[in-house]
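See below for the structure under consideration.
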Amino acid sequence: MGGSEAGDDSKPKGNRGISFLDFIMRIVAILGTLGSAIAMGTTNETLPSFEQFIRFKAEYKDLPTFTFFVVANGIVSAYLAVSLVLSILHIVMSGARITRVVLIFFDTVMMAFLTSGASAAAAIVYLAHKGNARANWIAICQQYNSFCDRASGSLVGSFIGVLVFLLLIILSALALSRN
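Residue numbers for the sequence shown, in UniProt numbering: 1 to 179.
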């Protein structure tokens with residue numbers, strides 16, 4: 001029995017390390033999701049034309065899927081910023097269980113939300129690059145290079161956020177199992 005008591009005293013110290021890693025990973029996820037929202041939200045390109053009054057312009061707002069992507073990344077970034085408070089609480093109070101369960105729940109919801117936005121945007125970016133001959137959709141990335149490059153790049157930070165959420169959920173479950 002004496003050995004298990006000594007083991008119980010060391011568990012919160014191990015959870016403190018997990019909590020610190022949780023905090024760092026949340027900051028990484030904020031940077032990824034906020035960067036993705038900003039990159040996609042500022043994506044636009046205007047093509048030169050021979051006519052002075054006719055302009056061909058591509059903006060993220062032209063596609064509702066990209067708008068959803070920006071909104072999803074923005075909401076997830078805000079959630080992550082708020083969740084930093086609980087993450088700091090877990091560093092200070094490594095035995096907190098209820099707040100860890102709350103974080104697991106909301107982290108799972110936000111991961112699903114972020115995954116849906118990133119996946120939908122990835123499908124549109126794929127169509128922009130490759131087109132679809134059966135549906136008679138042409139690939140627009142040959143004309144709108146900058147637009148497509150920024151849209152493609154913004155997906156990276158969002159999918160990094162999804163991966164970080166997966167790791168955060170696993171870390172929180174590990175911390176709960178150690179209590």
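Using N, Cα and C, we set each Cβ at its ideal position, and we do this for glycine too. Please read all numbers here as calculations on a predicted model, not as lab measurements.
In this structure, does DSSP put Ala135 in helix, strand or coil?
Stepping through the sequence shown from its first residue, residue 135 is reached at position 135. Coil.
Is it a yes or a no for the segment 92-99 touching the segment 154-172, going by three-plus beta-carbon pairs under 8 Å?
no
Output the distance between the C-alpha atoms of Ala128 and Asn73, rounded to the nearest integer angstrom.
To locate residue 128, count along the sequence shown from 1; it is residue 128. To locate residue 73, count along the sequence shown from 1; it is residue 73. Whole-angstrom Cα-Cα distance: 21 Å.
Around the C-beta of Asn15, are 16 or more other C-beta atoms found within 10 angstroms, so that it is buried, or is it exposed?
Working through the sequence shown from its first residue, we reach residue 15 at position 15. Buried, since its Cβ has 16 or more Cβ neighbours within 10 Å.
For Ala122, which residues does DSSP report across the bridge?
For this step, residue 122 is matched to residue 122 along the sequence shown. Per DSSP, none; premise fails for Ala122.
Which one of Ser158, Tyr60 and Ile124 has the shortest CA to CA distance from Met110?
On the sequence shown, position 110 is the one that residue 110 refers to. Per the Cα distances, Ser158.
So, are the CB atoms of Ser77 and Ala175 less than 8 Å apart?
As a working mapping, residue 77 is identified with position 77 in the sequence shown. As a working mapping, residue 175 is identified with position 175 in the sequence shown. Cβ atoms of Ser77 and Ala175: not closer than 8 Å.
Using a 10 Å radius around the Cβ and a threshold of 16 neighbouring Cβ atoms, would you call Ser4 buried or exposed?
For this step, residue 4 is matched to residue 4 along the sequence shown. Any answer about Ser4 is weak, because its pLDDT of 42 lies below 50 and its placement is not dependable; what the coordinates show is given next. Exposed: under 16 other Cβ atoms inside 10 Å.
Own chain partners of Thr67 with C-beta closer than 8 Å, once the 5 adjacent residues on each side are dropped:
Translated into positions along the sequence shown, residue 67 becomes position 67. Closer than 8 Å at Cβ, skipping near neighbours: Tyr60 and Lys61.
Taking the C-alpha atoms as reference points, what is the distance between Arg150 and Thr43?
For the purposes of this step, residue 150 is taken as residue 150 along the sequence shown, with counting starting at 1. For the purposes of this step, residue 43 is taken as residue 43 along the sequence shown, with counting starting at 1. Taking the straight line from one Cα to the other gives about 6 Å.
In the DSSP assignment, find the alpha helix (DSSP H) that holds Leu167 and state where it starts and stops.
Taking the sequence shown and counting its residues from 1, the one referred to as residue 167 is at position 167. Asn145 to Arg178 is the extent of the alpha helix (DSSP H) around Leu167.
Would you identify the three-state DSSP class for Ala96, choosing helix, strand or coil?
As a first step, residue 96 is located in the sequence shown; it is residue number 96 there, counting from the start. Correct three-state label for Ala96: coil.
If I measure Cβ to Cβ from Val28 and keep anything under 7 Å in the same chain, skipping five residues before and after, which residues do I get?
If you number the sequence shown from 1, residue 28 lands on position 28. Residues of the same chain with a CB within less than 7 Å of the CB of Val28, apart from the 5 flanking positions on each side, are Val164 in chain order.
Measure the C-alpha to C-alpha separation of Gly41 and Thr33 and round it to an integer number of angstroms.
By one-based count along the sequence shown, residue 41 stands at place 41. By one-based count along the sequence shown, residue 33 stands at place 33. Answer to the nearest angstrom: the Cα atoms are 12 Å apart.
In chain order, what residues of the same chain lie with their CB nearer than 7 Å to the CB of Thr108, ignoring the 5 residues before and after it?
The sequence position of residue 108 within the sequence shown is 108, counting from 1. So the list reads Ile169, once near-sequence residues are dropped.
Please classify Ser94: is it buried, with 16 or more other beta-carbons within 10 angstroms of its beta-carbon, or exposed?
Counting from 1 along the sequence shown, the entry for residue 94 is found at position 94. That one is buried.
Rank Gly17, Ala139 and Gly35 by C-alpha distance to the C-alpha of Val71 and give the top, closest one.
For the purposes of this step, residue 71 is identified with residue 71 of the sequence shown, where counting begins at 1. Ranking the options by Cα distance to Val71, first place goes to Gly35.
Within the same chain, show all residues whose beta-carbon is closer than 7 Å to that of Gly91, passing over the 5 residues directly before and after it, in chain order.
For the purposes of this step, residue 91 is taken as residue 91 along the sequence shown, with counting starting at 1. Here the sequence assigns Ile to residue 91, which means Gly is not the residue at that position. Once the five neighbours on either side are set aside, the close Cβ partners of Ile91 are Arg16, Ser19, Phe20 and Phe23.
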